[in-house]
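Okay, structure first, notes after.
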Amino acid sequence: MPGKFTIRRSVAVSFAAALLLASGLSAVKAEPSGHAGNATVKDMMPVEPGFLSIPAMNIPVFRNHQKAGSLLVVVILDMTSGDAVQKVEANQLQLASRYAEALTRWASVFQSPSAPANVFAIKNRLQEVTNEVTGRTDVTVLLQKATMMRNS
(Lines of atoms letter the chains of each structure in order from A; the text may use other names.)
(Lines give C-alpha, C1' and ligand atoms only; values in the text may rest on other atoms or scores of the structure.)
Protein backbone atom coordinates (compact mmCIF):
# COMPACT_ATOMS: atom_id res chain seq x y z
CA MET A 397 0.00 0.00 0.00
CA PRO A 398 2.78 2.53 0.63
CA GLY A 399 3.67 2.39 -3.07
CA LYS A 400 0.21 3.53 -4.16
CA PHE A 401 0.21 6.37 -1.66
CA THR A 402 3.58 7.65 -2.92
CA ILE A 403 2.51 7.43 -6.55
CA ARG A 404 -0.74 9.26 -5.80
CA ARG A 405 1.14 11.90 -3.86
CA SER A 406 3.70 12.40 -6.65
CA VAL A 407 0.92 12.70 -9.24
CA ALA A 408 -0.88 15.24 -7.04
CA VAL A 409 2.31 17.24 -6.50
CA SER A 410 3.10 17.19 -10.23
CA PHE A 411 -0.42 18.35 -11.07
CA ALA A 412 -0.27 21.14 -8.48
CA ALA A 413 3.11 22.27 -9.80
CA ALA A 414 1.78 22.36 -13.36
CA LEU A 415 -1.21 24.46 -12.25
CA LEU A 416 1.02 26.87 -10.35
CA LEU A 417 3.35 27.20 -13.32
CA ALA A 418 0.46 27.81 -15.72
CA SER A 419 -1.15 30.42 -13.47
CA GLY A 420 2.15 32.21 -12.85
CA LEU A 421 2.94 32.76 -16.52
CA SER A 422 2.06 36.08 -18.11
CA ALA A 423 2.46 37.67 -21.48
CA VAL A 424 6.03 38.63 -22.31
CA LYS A 425 6.56 42.30 -23.11
CA ALA A 426 9.10 43.70 -25.54
CA GLU A 427 11.92 45.53 -23.81
CA PRO A 428 14.40 47.82 -25.54
CA SER A 429 18.00 46.76 -25.42
CA GLY A 430 20.60 49.24 -24.26
CA HIS A 431 19.63 52.57 -22.73
CA ALA A 432 15.93 53.42 -22.90
CA GLY A 433 16.62 56.92 -24.18
CA ASN A 434 18.74 55.69 -27.10
CA ALA A 435 16.59 52.71 -28.12
CA THR A 436 15.40 52.48 -31.69
CA VAL A 437 12.95 50.19 -33.42
CA LYS A 438 15.89 48.01 -34.50
CA ASP A 439 16.93 47.60 -30.85
CA MET A 440 13.52 46.27 -29.80
CA MET A 441 13.38 42.53 -29.24
CA PRO A 442 10.42 40.74 -30.82
CA VAL A 443 7.59 39.89 -28.44
CA GLU A 444 7.46 36.20 -27.62
CA PRO A 445 4.25 34.16 -27.59
CA GLY A 446 2.93 33.59 -24.10
CA PHE A 447 0.10 33.19 -21.66
CA LEU A 448 -2.06 35.78 -19.94
CA SER A 449 -4.12 35.06 -16.86
CA ILE A 450 -7.48 36.83 -16.74
CA PRO A 451 -8.73 37.67 -13.21
CA ALA A 452 -11.28 35.17 -11.89
CA MET A 453 -14.87 36.03 -12.79
CA ASN A 454 -17.72 35.52 -10.35
CA ILE A 455 -20.91 35.63 -12.41
CA PRO A 456 -24.30 35.83 -10.65
CA VAL A 457 -26.97 33.39 -11.84
CA PHE A 458 -30.56 34.57 -11.45
CA ARG A 459 -33.83 32.64 -11.50
CA ASN A 460 -37.22 34.34 -11.06
CA HIS A 461 -35.47 37.69 -10.55
CA GLN A 462 -33.54 36.39 -7.53
CA LYS A 463 -29.92 35.39 -7.24
CA ALA A 464 -29.88 31.60 -7.25
CA GLY A 465 -26.14 31.04 -7.36
CA SER A 466 -22.75 32.08 -8.72
CA LEU A 467 -20.66 30.83 -11.58
CA LEU A 468 -16.91 31.01 -10.89
CA VAL A 469 -14.79 31.04 -14.07
CA VAL A 470 -10.98 31.17 -14.32
CA VAL A 471 -9.38 31.66 -17.76
CA ILE A 472 -5.89 31.79 -19.24
CA LEU A 473 -5.27 33.01 -22.79
CA ASP A 474 -2.70 31.20 -24.94
CA MET A 475 -1.19 33.49 -27.58
CA THR A 476 0.79 31.90 -30.39
CA SER A 477 2.40 34.99 -31.90
CA GLY A 478 3.95 38.28 -30.83
CA ASP A 479 1.25 40.21 -32.68
CA ALA A 480 -1.42 38.35 -30.71
CA VAL A 481 0.34 39.22 -27.43
CA GLN A 482 0.35 42.90 -28.32
CA LYS A 483 -3.31 42.85 -29.42
CA VAL A 484 -4.44 41.08 -26.24
CA GLU A 485 -2.42 43.38 -23.97
CA ALA A 486 -3.91 46.42 -25.69
CA ASN A 487 -7.44 45.04 -25.18
CA GLN A 488 -7.05 43.29 -21.81
CA LEU A 489 -9.58 45.43 -19.91
CA GLN A 490 -12.10 45.25 -22.73
CA LEU A 491 -11.70 41.46 -22.85
CA ALA A 492 -12.34 41.06 -19.12
CA SER A 493 -15.39 43.33 -19.31
CA ARG A 494 -16.84 41.60 -22.37
CA TYR A 495 -16.22 38.16 -20.81
CA ALA A 496 -18.22 39.11 -17.72
CA GLU A 497 -21.02 40.62 -19.83
CA ALA A 498 -21.22 37.61 -22.17
CA LEU A 499 -21.21 35.08 -19.33
CA THR A 500 -23.84 37.01 -17.38
CA ARG A 501 -26.17 37.00 -20.39
CA TRP A 502 -25.42 33.36 -21.20
CA ALA A 503 -25.92 32.21 -17.58
CA SER A 504 -29.26 34.03 -17.28
CA VAL A 505 -30.66 31.94 -20.14
CA PHE A 506 -28.78 28.63 -20.19
CA GLN A 507 -27.15 27.91 -16.82
CA SER A 508 -29.32 26.21 -14.23
CA PRO A 509 -28.19 26.86 -10.65
CA SER A 510 -28.80 23.21 -9.79
CA ALA A 511 -26.73 21.86 -12.73
CA PRO A 512 -22.95 21.65 -13.09
CA ALA A 513 -21.28 24.38 -15.13
CA ASN A 514 -21.47 23.70 -18.87
CA VAL A 515 -17.74 23.97 -19.59
CA PHE A 516 -18.07 23.43 -23.34
CA ALA A 517 -20.60 26.22 -23.79
CA ILE A 518 -18.66 28.57 -21.48
CA LYS A 519 -15.38 27.95 -23.31
CA ASN A 520 -17.03 28.41 -26.72
CA ARG A 521 -18.71 31.66 -25.66
CA LEU A 522 -15.43 33.04 -24.27
CA GLN A 523 -13.59 32.02 -27.47
CA GLU A 524 -16.19 33.87 -29.57
CA VAL A 525 -15.75 37.01 -27.47
CA THR A 526 -11.95 36.74 -27.72
CA ASN A 527 -12.10 36.45 -31.51
CA GLU A 528 -14.50 39.43 -31.73
CA VAL A 529 -12.46 41.73 -29.48
CA THR A 530 -9.01 40.89 -30.84
CA GLY A 531 -10.03 40.33 -34.45
CA ARG A 532 -7.74 37.28 -34.40
CA THR A 533 -8.10 33.51 -34.26
CA ASP A 534 -4.64 32.70 -32.87
CA VAL A 535 -5.57 33.48 -29.25
CA THR A 536 -6.91 30.37 -27.53
CA VAL A 537 -9.06 30.42 -24.40
CA LEU A 538 -7.93 27.86 -21.84
CA LEU A 539 -10.69 27.31 -19.30
CA GLN A 540 -8.97 26.57 -16.00
CA LYS A 541 -12.04 26.39 -13.78
CA ALA A 542 -15.80 26.64 -14.13
CA THR A 543 -17.78 25.94 -10.99
CA MET A 544 -21.47 26.51 -10.28
CA MET A 545 -22.19 27.37 -6.64
CA ARG A 546 -25.83 27.29 -5.55
CA ASN A 547 -27.26 29.59 -2.90
CA SER A 548 -28.54 27.76 0.14
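If you read the sequence shown in my numbering, its first letter stands for residue 397, the second for the next number, and so on. Where a beta carbon is used, it is the ideal one built from N, C-alpha and C, also for glycine. It should be emphasised that the depicted structure is a prediction, and the values quoted were computed from it without experimental measurement.
(request) Would you check if the distance between the CB atom of ILE450 and the CB atom of LEU499 is smaller than 8 angstroms? (result) The answer is no: Cβ separation not under 8 angstroms.
(message) Please list the terminal residues of the continuous alpha helix (DSSP H) segment that includes THR500.
(response) 488-506
(request) Identify the continuous beta strand (DSSP E) that holds ASN454 and give its terminal residues. (result) 446-459
(message) Whole angstroms are fine: how far does the CA of PHE458 sit from the CA of LEU539?
(response) 23 angstroms
(request) May I ask you to report which of helix, strand or coil DSSP gives VAL525? (result) helix
(request) Inspect the CB distances between the segment 505-524 and the segment 478-488 and report whether three or more fall short of 8 angstroms. (result) no
(request) Kindly identify the DSSP beta-bridge partner or partners of VAL469. (result) In DSSP, VAL469 forms a bridge with MET453 and ALA542.
(request) Sort out for me which residues DSSP pairs GLN462 with in a bridge. (result) Assignment of beta-bridge partners to GLN462 by DSSP yields ARG459.
(request) Sort out for me which residues DSSP pairs VAL537 with in a bridge. (result) LEU473
(message) Let me check understanding here. Comparing Cα to Cα, which of MET544, LYS541, GLU528 and THR536 lies closest to ARG477?
(response) Looking at the sequence shown, residue 477 is not Arg but Ser. SER477 has its Cα closest to that of THR536, out of MET544, LYS541, GLU528 and THR536.
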